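Since the structure comes first, as structure tokens, the remarks are kept for the end.
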Amino acid sequence: LKRCLVRAGQSWYASETNHSRAPARVHLRLQIRIERASRCGNCTQHPPPAGQQGPHRTRRAHWLYPAESSTHPLPTECPSPSQRGFGPATGSTLRVLYLFDNEIEVLDNLAGVPKLTHLYLQHNKIHSIRDLSPLTQLTKLYLNDNRLSSLLPLAVLGGSLVELHVCSQRPSNGSSLDLAPTALCEMRALRVFAAANNGLDDSSVVAVAQLRSLETADLSKNQIETVGALTAVAQTASRLSELDLRDNPVSGSRQALDVLIVSCEALQMLNGRILTQAERVYLTQLRLRGARSSLSQLSQLSQLR
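Residue numbers (the numbering used here): 26 to 330.
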């Protein structure tokens, strides 16, 4: 099985296929006829076997190119391993691009796809993101399981980005992911933010308060210990309805979670559990009275849940 770039309708896929024969099926949600597939077709370093034509055989795609055109012809030689990145992509009508599960290290050269709305780059080795300013219509970006150290290069997407998924980053220096408050401040339209398993602590989570349009946040599997930073997020993100804090130290404190429920009026789901109106009313009344939960009160609350 080899990996190539497949164009199907308005989407491009990094798909596995066997070059010895035409692919019988590509993993698409819709059955769309494959128009053309190409990748480094004229490579001189890895020529195809005698009697065969097509892309050279490699285990993973490093540089991915669209079909040959007059403005961006296919390369005659493969880039060196130190240059692994994303080759020039073009397509004035391209909307969705799937490049997950490859070995891409540098994200660049996307000026030719200005109408891109969805970009899937999970499970790569991306450690550097260059100019993304041409992607003025990008709404969903999936970067889970890469090697980013900071979200600062994503600030230019703030005007359009609605969903950002950056879970499980593995920076080469072993540090935790820098959420870059200045970048998050620019993301005025962001409604879904997933940053699980990034070693985030109380001081770094404060940056999430910059996302005023936030509705869903996944901050599970981090090192958040206190509720203070989370209440600050709840106060600014007035539409926050879903929050996942599982596998954080703070989730071990029932009192801290109760404070969060009362502080965030729009919250409907916490740690995968739907909050009932009766529970919210009861906790609010306790807070207004300034009473501490007695054993009987805790028993009553457990019945409401």
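All C-beta atoms, glycine included, are put in the ideal place defined by N, C-alpha and C. Every value quoted in this text rests on a predicted model; they were computed, and no experiment measured them.
Bridge-paired residues (DSSP) for residue i
| i | result |
| --- | --- |
| Glu188 | Lys165 and Val217 |
| Ala242 | Phe218 and Leu268 |
| Leu295 | Leu268 and Arg298 |
| Ser175 | Asp203 |
| Ser153 | Val131 |
Given residue i as reference, the closest of the options once Cα atoms are compared
| i | options | result |
| --- | --- | --- |
| Asn289 | Glu267, Leu146 and Gln310 | This sequence places Cys at residue 289; Asn is not what is there. Among Glu267, Leu146 and Gln310, the Cα nearest to that of Cys289 belongs to Glu267. |
| Leu270 | Glu250, Gly184 and Leu160 | Glu250 |
| Pro178 | Gln162, Ser197, Asn149 and Leu209 | Leu209 |
| Gln136 | Thr118, Asn149 and Asp272 | Reading the sequence as shown, one finds Ala at residue 136 and not Gln. Residue Thr118 is the option with its Cα nearest to Ala136. |
| Gly277 | Ala259, Val252 and Lys165 | Val252 |
| Asn223 | Asp126, Ile129, His152 and Leu173 | Leu173 |
| Asp272 | Asn296, Leu313 and Leu204 | Asn296 |
| Leu202 | Gln248, Val138 and Lys140 | Gln248 |
| Met294 | Arg312, Leu122, Val306 and Leu265 | Leu265 |
| Val340 | Ile154, Asp126, Arg120 and Arg195 | Outside the modelled stretch of the chain, which goes from 26 to 330, sits residue 340, for which no answer is possible. |
| Lys140 | Thr207, Ile299 and Gly116 | Gly116 |
Same chain, Cβ closer than 6 Å to residue i, five either side skipped, listed in chain order
| i | result |
| --- | --- |
| Val181 | Leu157 and Ser158 |
| Arg216 | Val187, Ser238 and Glu240 |
| Ala281 | Val252 and Val275 |
| Arg312 | Val287 |
| Asp226 | Gln248 |
| Pro106 | Any reading at Pro106 is ruled out, since the residue's pLDDT is 44, under 50, leaving its predicted position unreliable. |
| Arg155 | Asp133 |
| Thr207 | none |
| Glu211 | Ala180 and Gly183 |
Proximal residues to residue i (C-beta, below 8 Å), its chain only, five neighbours per side dropped
| i | result |
| --- | --- |
| Ser228 | Ala254 |
| Asn169 | Gln147, His148, His190, Val191, Cys192, Ser193 and Ala219 |
| Asn198 | Ser174 |
| Arg213 | Gly183, Gly184, Arg237 and Ser238 |
| Arg279 | none |
| Arg195 | Asp170, Asn171 and Arg172 |
| His152 | Glu130, Val131, Asn171, Arg172, Leu173, Ser174, Pro196 and Ser197 |
| Ala47 | Model confidence at Ala47 stands at a pLDDT of 35, short of 50, so the residue's coordinates are unreliable and nothing is read from them. |
| Asp126 | Ala39, Gln147, His148 and Asn149 |
Contacts around residue i, its chain only, beta-carbon distance under 7 Å, and the 5 residues preceding and following it disregarded
| i | result |
| --- | --- |
| Val231 | Ala254 and Ala257 |
| Leu308 | Asp283, Ile286 and Val287 |
| Gln261 | Here residue 261 turns out to be Thr, not Gln, going by the sequence shown. Ala234 and Arg237, listed in sequence order. |
| Ser337 | As displayed, the chain neither begins before 26 nor continues past 330, which places residue 337 out of reach and without an answer. |
| Arg305 | Ile286 |
| Ile299 | Gln293 |
Under 8 Å between C-beta atoms of residue i and residue j
| i | j | result |
| --- | --- | --- |
| Lys150 | Asn171 | yes |
| Thr161 | His143 | no |
| Ala221 | Asp243 | yes |
| Leu166 | Ala205 | no |
8 Å contact criterion, which residue i and residue j should meet: CB distance rounded
| i | j | result |
| --- | --- | --- |
| Leu132 | Tyr145 | At roughly 12 Å, the Cβ-Cβ gap does not stay under 8 Å, so Leu132 and Tyr145 are not in contact. |
| Ser263 | Ala291 | 6 Å |
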